[in-house]
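Have a look at the structure below, then the notes.
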Amino acid sequence: MIEAGALRPRLPLSRVKLLIDHDQRQPVGFLAELDSDARRAAFSVPEGDEGDKALEQAANGLRDGLSVGINVLDEPGAYMYDENTGTYHVYAAELVEVSLCAIPAYQDAGVTSVAAARATPTPKESNTVTDTLTLEQVEQSLAASVEGIERSLEARLANFTPAASSGPQFATLGAFVQAVAQGDSAAHEFAARLGTTLAYDGSTTADDYKRNAWVADAIALVAQQRKVLSLFGTQPLPAEGMTLEYAKLKSNTVAVGKQAKQGDALVKGKIELKTATTDVETFGGYTEASVQVIKRANTAYLTTMFEAMGIEYARATELAVRAELKRVIDAQKLATDVLELPTAATVYDWLDLLVDGVELYDDRGYTLAGMLTSKDVFKRLMRLEDTNGNSLMHVSGQGVNRVGSIEVPTISGNLASVKFELLPGAEAGTASFYAQKGLTTWEEPGAPFRLQQQSAINLTEAFSLYGSMAVASQYENAIVPITFAAA
């Protein structure tokens with residue numbers, strides 16, 4: 428379901444095409460105007476057989492429905508999944524195309540009017556040769572040369588319910604919790620719309636209310652604590668099952684070659700897959716607070732309490748991903764094509780290693796994303812010098828004869844444009860190339876969830892934060908460890 432205000436057209440507007448039944452081979456027009464709320468639009472339909480037919484069908488009601496083609500934006504809160512209804516709600520999307528169709532998904536999304544007006548030719552003036560043309564003369568000349576039909580098709584994109592101009596706004600999560608505890612009717616209504624979960628991906632069913640800023644803050648808080656997890660692929664966790672079954676590549680002998688001559692057999696190959704399983708694990712914790720504290724304490728106390736729980740959830744799930752990454756690195760050290768460096772590697776040894784790594788990843792069909800290192804290896808990279816003892820890494824500012832840079836606040840850097848980062852908690856001597864496909868994390872959509880329960884016996888309220896996830900490597904050879912040998 429596309430929510431009100433979600434559509435953002437490509438710019439300029441003419442890049443948004445009018446198609447027939449989402450067929451890119453049948454463009455008949457382009458977007459000319461779009462209201463600020465993206466509820467009404469006007470399309471220009473150039474003259475031609477296809478355009479004439481499209482306008483005729485829209486005018487006589489044969490094909491007067493509208494359907495949109497969108498790209499959901501890659502940003503927090505762009506969409507949410509409502510498990511109760513099995514519906515995806517889209518809050519931010521790029522409008523790519525609009526199609527004329529016979530039966531639209533939204534009943535009221537359709538053409539409202541078709542207009543055609545012949546442009547009035549501008550009388551030609553006598554030719555006057557001047558040294559300089561004024562802007563007015565240029566415009567008159569262009570207008571005089573244009574003869575044709577300017578046609579437009581006005582449309583109502585969908586009968587969306589517009590977002591309310593105002594709604595319950597809470598400065599922080601703590602303020603929201605306190606308002607609920609104090610019996611605020613607006614807070615209770617908002618809580619009911621949120622349901623029993625507070626999704627840290629910004630997903631809420633309160634779609635007719637303006638977003639509260641603390642939802643986005645909570646998203647960022649968790650994401651900032653999961654640096655290793657965010658380097659690799661993520662997918663939604665299936666709704667059922669205590670274990671997750673996934674496919675791994677066992678062998679690949681597929682090859683593509685040139686056909687020697689017509690009728691000759693093509694190169695034959697085979698892909699073999701094997702199945703593997705990993706456990707679905709739940710991470711969570713809870714805390715208690717008295718009803719008096721919830722109702723009467725400064726809201727900053729409640730906000731801090733929830734922030735602390737969110738940080739701990741992020742830390743626990745991040746550690747699970749790091750543990751799986753360590754397992755894969757250790758397993759891959761036994762592979763036959765491990766990359767090796769001398770213990771006292773020079774800058775040229777490192778540069779040679781990068782060339783070998785890029786070539787290896789290219790052969791395997793992966794894109795080299797970067798390198799992860801333990802603290803001691805990271806420090807070695809920081810201290811790389813040339814034969815004259817000059818540092819080859821600049822930490823800030825600009826330098827000469829430098830081959831890399833270090834960002835101390837993020838503990839990351841680059842060597843010859845290949846990114847490297849600190850792998851927190853890694854054993855000394857750890858270094859490994861990686862591609863994004865090296866690990867996959869399956870996590871419940873909207874995790875971590877929040878539950879609360881009040882006790883009438885001791886007037887306390889317990890709050891828990893939890894989420895389930897699984898992590899595994901489907902492509903272990905996308906992780907390539909680097910070993911250090913004596914020089």
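Residue numbers (my numbering): 428 to 914.
All C-beta atoms, glycine included, are put in the ideal place defined by N, C-alpha and C.
As the structure is a computational prediction, the values presented were derived from the model and not from experiment.
Reduced DSSP secondary structure (H/G/I, E/B, other) of residue i
i: PHE847; result: strand
i: PHE805; result: helix
i: ILE530; result: coil
i: ALA900; result: For the sequence presented, residue 900 should be read as Ser rather than Ala. In this structure, SER900 counts as coil in the three-state DSSP scheme.
i: MET736; result: helix
i: LYS688; result: coil
i: VAL999; result: Examination of residue 999 is not possible in this model, given that the chain is present from 428 through 914 alone.
i: TYR775; result: helix
i: ILE721; result: helix
Supposed close pair residue i, residue j - CB separation, criterion 8 Å
i: GLU715; j: ALA747; result: No, GLU715 and ALA747 are not in contact; Cβ-Cβ is about 26 Å, not under 8 Å.
i: TYR788; j: LEU795; result: 4 Å
i: THR800; j: LEU850; result: 6 Å
i: TYR893; j: PHE911; result: The pair is not a contact, with the Cβ atoms about 41 Å apart (cut-off 8 Å).
i: LEU527; j: ALA485; result: 6 Å
i: LEU656; j: GLU739; result: Not quite, the Cβ-Cβ distance comes to about 15 Å (not below 8 Å), so this is no contact.
i: SER717; j: THR887; result: 5 Å
i: GLN453; j: LEU446; result: 6 Å
Per DSSP, the bridge partner or partners of residue i
i: SER859; result: LEU799 and PRO908
i: VAL755; result: According to DSSP, VAL755 bridges with nothing at all.
i: ARG876; result: Checking the displayed sequence, the identity of residue 876 turns out to be Phe instead of Arg. Paired residue(s): TYR893.
i: GLN484; result: In the DSSP output, where bridge partners are listed per residue, GLN484 has none listed.
i: PRO454; result: LEU446
i: ASP706; result: THR670
i: ARG435; result: GLU521
i: ALA716; result: GLU888
i: ILE429; result: VAL517
i: THR661; result: THR868
i: LYS675; result: LYS701
Inter-residue Cα distance where the pair is residue i and residue j
i: GLN662; j: THR867; result: 7 Å
i: SER900; j: ASN841; result: 26 Å
i: LEU811; j: VAL804; result: 11 Å
i: VAL720; j: PHE733; result: 14 Å
i: LEU522; j: GLU870; result: 29 Å
i: LEU500; j: TYR515; result: 14 Å
i: LEU676; j: TYR518; result: 37 Å
i: GLU903; j: MET896; result: 19 Å
i: LYS695; j: GLU672; result: 29 Å
i: MET669; j: LEU766; result: 37 Å
i: VAL907; j: LEU761; result: 11 Å
i: GLY873; j: GLU502; result: 14 Å
i: PHE710; j: ALA743; result: 7 Å
i: GLU483; j: THR730; result: 59 Å
i: ALA855; j: LYS846; result: 20 Å
i: SER441; j: ALA703; result: 49 Å
i: VAL455; j: VAL443; result: 11 Å
i: PRO436; j: ARG466; result: 12 Å
Test: residue i CB closer than 8 Å to a CB of chain D
i: LEU434; result: As a matter of chain content, chain D is missing from the structure shown, which is built from one protein chain.
Q. Is the stretch 685–692 touching the stretch 856–863 in the sense that three or more CB pairs, one from each, lie closer than 8 Å?
A. no
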